[in-house]
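These notes concern the structure reproduced below.
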Amino acid sequence: MRALVTAASAAAVLVLATGSASYGHQQRADAPPCAGQLITNPSFERGTTGWTAGPRMVVLGDQARPAHTGRAYASLAGLDITRTEVLRTDVTLPAGCKLTLRLWVRTTTTETTRRDYLNVSLNVTGVPPKTYFALSGDGSPQWHQYTGSTGTAATDRTATVIFFASEVAGDGVTAFDVDDVTFTLS
Ligand SMILES: [Ca+2]
Numbered sequence: 741m742r743a744l745v746t747a748a749s750a751a752a753v754l755v756l757a758t759g760s761a762s763y764g765h766q767q768r769a770d771a772p773p774c775a776g777q778l779i780t781n782p783s784f785e786r787g788t789t790g791w792t793a794g795p796r797m798v799v800l801g802d803q804a805r806p807a808h809t810g811r812a813y814a815s816l817a818g819l820d821i822t823r824t825e826v827l828r829t830d831v832t833l834p835a836g837c838k839l840t841l842r843l844w845v846r847t848t849t850t851e852t853t854r855r856d857y858l859n860v861s862l863n864v865t866g867v868p869p870k871t872y873f874a875l876s877g878d879g880s881p882q883w884h885q886y887t888g889s890t891g892t893a894a895t896d897r898t899a900t901v902i903f904f905a906s907e908v909a910g911d912g913v914t915a916f917d918v919d920d921v922t923f924t925l926s
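Residue numbers (the working numbering): 741 to 926.
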């Protein structure tokens, strides 16, 4: 059963087992460690640049369905066709840094059976894959922010955010809109 994640429970914390191996993190003089935002094109204003996305996934907002910021956003499902769709990107997470994922989702639906859903996963090297948020058609029809974070590790890792949408034909249409997806180091 897919559970709607409420704002109160949306802050998920990933607990990491830190290995005993220690590798010195090479700090660059021009880039302070553990600061800044890593995702290229977080607001989809440059289309699918920096993302692995399905065809026609990045769309332009209008008055009825505006973007969260800017003009563009990504939209998954929404065609009442039985299918799945994936939107993803990955970054290198430097050693010793904590990563915070923030994203905005808007859900519009005519469905009553909650068979359409969007799973949002944050995968980090060395940690079992985990679904952070499982959203169905009873998600917010207004833009809503979700947040999750990782612990630190002694080595550089790859962090991947994956949006996996599944829809079933014939029982109403659900569209999951996504905008302003950020990976912030601390
Ligand atoms: Ca945008």
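Note that the Cβ used here is the ideal one computed from N, Cα and C, for glycine as well.
- Distances from the CB of His884 to the heavy atoms of ligand 1 are all 7 Å or more.
- Here the C-alpha atom of Trp791 lies approximately 10 Å from the C-alpha atom of Val826.
- The continuous beta strand (DSSP E) containing Val798 extends over residues Val798 to Leu800.
- In chain order, the residues with a C-beta atom nearer than 7 Å to some heavy atom of ligand 1 are Ser783, Phe784, Glu785, Ala807, His808, Thr809, Gly810, Arg811, Ala812, Tyr813, Asp919 and Asp920.
- Annotated as distal: Ser880 and Pro869, with beta-carbon spacing of 8 Å or more.
- Per DSSP, His884 is one residue of the beta strand (DSSP E) stretching across His884 to Ser889.
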